[in-house]
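Below you'll find the structure, written out as structure tokens, and then a few comments.
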Amino acid sequence: MRVLVATDAWRPQVNGVVRTLNSLQRAAAKLGVAVEFLSPDGFRSFPVPTYPGLRLAIPSRRGIAERIEAMRPDAIHIATEGPIGFAVRAYCRRHNRPFTTSYTTRFPEYISARSPIPESWIYGMLRRFHSAATVTMVATPSLTAELRERGFTNLGMWTRGVDVDLFRPDRAIDLGLPRPVFMTVGRVAVEKNLEAFLSLDLPGTKAIIGTGPQEAELKRKFPDAKFLGMLDNGILASRLAGADVFVFPSLTDTFGIVQLEALASGVPVAAFPVTGPKDVVADRPIGVLHEDLRTACLDALKLSREACRAFALNYSWENSARQFIGHARKVATGNSGEPQLAGTITETAHG
141 MRVLVATDAW RPQVNGVVRT LNSLQRAAAK LGVAVEFLSP DGFRSFPVPT
191 YPGLRLAIPS RRGIAERIEA MRPDAIHIAT EGPIGFAVRA YCRRHNRPFT
241 TSYTTRFPEY ISARSPIPES WIYGMLRRFH SAATVTMVAT PSLTAELRER
291 GFTNLGMWTR GVDVDLFRPD RAIDLGLPRP VFMTVGRVAV EKNLEAFLSL
341 DLPGTKAIIG TGPQEAELKR KFPDAKFLGM LDNGILASRL AGADVFVFPS
391 LTDTFGIVQL EALASGVPVA AFPVTGPKDV VADRPIGVLH EDLRTACLDA
441 LKLSREACRA FALNYSWENS ARQFIGHARK VATGNSGEPQ LAGTITETAH
491 G
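Here it is as structure tokens:
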């Protein structure tokens, strides 16, 4: 089976969506399923003033149609609600072709943090966007329940995984920083709520891996914090494993793959009790969730690094890919334009 994934989030962006899609492609290939991408590559684009470094594609109706028809996918999945996503959705609607979508980013909260647009308006638009999908894939049970309350329908689970060979405790290096080291990883932007972390009175060192539009402001405001910049996977894994606590201050992430990467590295998590941390950490002895983030950080220092690693070993990208493939089978056409009568996941993956 060949699955076409339409996405506005793509390289050189480094974020959870891009990392998830790349990991999905590799894992699905092991199951005999080819995942290909219809990305902004090759289309004209324009910069987003409120999101420095980000450019959105300007896809043409004809260009979208030509790419889809050249790829001849058995199933179409729309990963993002941007120009590419809307254009592929329109194509599928014109051709009466079923498709799946995924809800991966809290755009209402992100946009409202930068503009006066009410969240309710944006949720209304997203609800209409996803209502046409056969299945809208969601990463966690708590987010599924939240979206149902907001009127979203046809929701299905698509959990995330972690590369336990890349992220592991024995990669740890001495960071040369006063300990304990409290570290966070991600885009340095207002929606990540990093100021809540950097303003804490903590012993040792507060460190951030990543770059983004809020970096210069936070460096000025918190000169004692260590900003380590953007790191490739191997270096990132060694720095992350060298931390004592992984701090996840975001209030808006739908999952937070970096939590699993930290746990696979043997690093306990400190976070607020919100969607994402509640699903990954919950009440397990691998992290501390508390409305007082300082309390969470200090209590997390007491947790077993071995327990964190053991928990992360239960999450594999192959299991994540199996869930995705199961949903994709519901809209597979076998290149004929007619719904495909798919067998088991194993049969589909190898047939």
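Here the sequence shown is numbered in our numbering, starting from 141 and rising by one per residue. Ideal Cβ positions, reconstructed from N, Cα and C, are used throughout, including at glycine.
Out of E331, F226 and F337, which one is the CA nearest neighbour of R434? Counted from its first residue, the sequence shown places residue 434 at position 294. Nearest neighbour of R434 by Cα position, chosen from E331, F226 and F337, turns out to be F337.
Using CA coordinates, which residue listed in Y231, Q153, N294 and A168 is at the minimum distance from K470? On the sequence shown, position 330 is the one that residue 470 refers to. Proximity to K470 across Y231, Q153, N294 and A168 peaks at N294, based on C-alpha coordinates.
CB contact flag (G406, P309, <7 Å):
Here residue 406 corresponds to residue number 266 of the sequence shown, with the count starting at 1. Here residue 309 corresponds to residue number 169 of the sequence shown, with the count starting at 1. Cβ distance < 7 Å, so G406 and P309 count as in contact.
Which of helix, strand or coil does DSSP assign to T293?
For the purposes of this step, residue 293 is taken as residue 153 along the sequence shown, with counting starting at 1. If DSSP states are grouped into helix, strand and coil, T293 belongs with coil.
Quiz item: Nearest CA to the CA of D303: which residue from A197, W457 and R142?
Solution: In the sequence shown, counting from the first residue as 1, residue 303 sits at position 163. When each option's Cα is compared against that of D303, the closest is W457.
Straight-line Cα distance separating N333 from A356: Within the sequence shown, residue 356 is the residue found at index 216, counting from 1. Within the sequence shown, residue 333 is the residue found at index 193, counting from 1. Their Cα atoms are separated by approximately 15 Å.
key: CB contact flag (A377, R311, <7 Å)   = Within the sequence shown, the letter at position 237 stands for residue 377. Within the sequence shown, the letter at position 171 stands for residue 311. Yes, the pair counts as a contact, with Cβ atoms nearer than the cut-off.
query = How many Å lie between A197 and I218 at the Cα?
reply = Working through the sequence shown from its first residue, we reach residue 197 at position 57. Working through the sequence shown from its first residue, we reach residue 218 at position 78. Taking the straight line joining both Cα atoms gives about 15 Å.
| query | Taking Cβ to Cβ, would you say T351 is nearer than 7 Å to V328? | reply | The count along the sequence shown starts at 1 and reaches residue 351 at position 211. The count along the sequence shown starts at 1 and reaches residue 328 at position 188. In contact: T351 and V328 (Cβ atoms closer than 7 Å).
Rounded to whole angstroms, what's the CA-CA distance from P180 to P417? Just pull it up for me.
Translated into the one-based positions of the sequence shown, residue 180 becomes position 40. Translated into the one-based positions of the sequence shown, residue 417 becomes position 277. Their Cα atoms are separated by approximately 31 Å.
Which residue marks the beginning of the beta strand (DSSP E) containing I348, and which one marks its end? Along the sequence shown, read from residue 1 onward, the residue named residue 348 stands at position 208. Counting along the chain, the beta strand (DSSP E) containing I348 begins and ends at T345 to I349.
query: Residue range of the alpha helix (DSSP H) that S179 falls in?
result: Counting from 1 along the sequence shown, the entry for residue 179 is found at position 39. According to the DSSP assignment, S179 belongs to no alpha helix (DSSP H), since it is labelled neither H nor E.
For this session: With a cut-off of 8 Å on the beta carbons, I'd call W298 and S390 a contact; round off their distance for me.
Result: Locating residue 298 in the sequence shown gives position 158, counting from the first residue. Locating residue 390 in the sequence shown gives position 250, counting from the first residue. About 20 Å separates the two Cβ atoms, so there is no contact after all.
Exercise. Note down, in chain order, each residue of its chain lying with its Cβ closer than 6 Å to the Cβ of A168, except the 5 sequence neighbours on either side.
Key: Locating residue 168 in the sequence shown gives position 28, where the first residue counts as 1. Taken in chain order, the residues that qualify are V175 and A461.
*Distance, A272 Cα to E487 Cα*: Taking the first residue of the sequence shown as position 1, residue 487 is located at position 347. Taking the first residue of the sequence shown as position 1, residue 272 is located at position 132. For E487, the predicted model reports a pLDDT of 30, less than 50, meaning its position is unreliable and no value from the coordinates is stated.
Just to confirm, are A440 and A410 a CB contact at a threshold of 7 Å?
Walking along the sequence shown from the start, residue 440 turns up at place 300. Walking along the sequence shown from the start, residue 410 turns up at place 270. In this structure, A440 lies near A410, with their beta-carbon atoms less than 7 Å apart.
Within a Cβ cutoff of 8 Å, which residues of the same chain sit near R166, ignoring the five residues on either side of it in sequence? Position 26 of the sequence shown holds residue 166. Closer than 8 Å at Cβ, skipping near neighbours: W457.
As assigned by DSSP and simplified to three states, the class of V278 | For the purposes of this step, residue 278 is taken as residue 138 along the sequence shown, with counting starting at 1. V278: strand per DSSP, three-state reduction.
| said: Considering just the uninterrupted stretch of the alpha helix (DSSP H) at G374, what are its terminal residues? | reply: The count along the sequence shown starts at 1 and reaches residue 374 at position 234. N373 to A381 is the extent of the alpha helix (DSSP H) around G374.
### Query
What number of angstroms, rounded off, separates the C-alpha of T220 from the C-alpha of L340?
For the purposes of this step, residue 220 is taken as the residue at position 80 of the sequence shown. For the purposes of this step, residue 340 is taken as the residue at position 200 of the sequence shown. Taking the straight line from one Cα to the other gives about 34 Å.
*By Cβ distance, which residues of its chain are closer than 7 Å to L315, with the 5 residues on each side in sequence left out?*
Start at 1 with the first residue of the sequence shown, and residue 315 comes out as number 175. Correct list, in chain order: V321, R379 and G382.
Nonlocal neighbours in the same chain, by C-beta distance under 8 Å from M211, ignoring five residues either side
Residue mapping note: residue 211 aligns to position 71 of the sequence shown, counting from 1. Correct list, in chain order: R142, L144, E176 and L178.
Query - Helix, strand or coil at S185 according to DSSP, with G and I counted as helix - result: For this step, residue 185 is matched to residue 45 along the sequence shown. S185 falls in the strand class under three-state DSSP.
Q) Of all the alpha helix (DSSP H) runs that stay within the bounds of the segment 191 to 232, which reach a length of 4 or more residues? A) DSSP assignment within the segment 191 to 232 yields the following whole alpha helix (DSSP H) runs of 4 residues or more, N-terminal first: 201 to 211.
Quiz item: Mind checking P213: buried by the 16 CB within 10 Å criterion, or exposed?
Solution: Reading the sequence shown from its first residue, position 73 is the one you call residue 213. By the Cβ neighbour-count rule, P213 is buried, with 16 or more other Cβ atoms within 10 Å of its own.
Just list the residues that DSSP pairs V321 with in beta bridges. As a first step, residue 321 is located in the sequence shown; it is residue number 181 there, counting from the start. According to DSSP, V321 bridges with T345.
Need the endpoints of the alpha helix (DSSP H) that V420 sits in, please. Sequence index remark: in the sequence shown, residue 420 carries index 280 (1-based). First-last of the alpha helix (DSSP H) with V420: P417 to V420.
Query raised in the report: At what residues does the beta strand (DSSP E) containing K366 begin and finish?
Result: As a first step, residue 366 must be located in the sequence shown, where it is residue number 226. Its beta strand (DSSP E) spans residues K366 to G369.
**Prompt:** Hey, quick one: how far does the alpha helix (DSSP H) through I473 stretch, first residue to last?
**Reply:** Translated into positions along the sequence shown, residue 473 becomes position 333. Checking the sequence, you will find Thr at residue 473 rather than Ile. Counting along the chain, T473 falls outside any alpha helix (DSSP H), and DSSP gives it neither H nor E.
- prompt: What's the gap between the Cα of I375 and the Cα of V157?
  reply: One-based indexing of the sequence shown puts residue 375 at position 235. One-based indexing of the sequence shown puts residue 157 at position 17. Approximately 20 Å between the Cα atoms of the pair.
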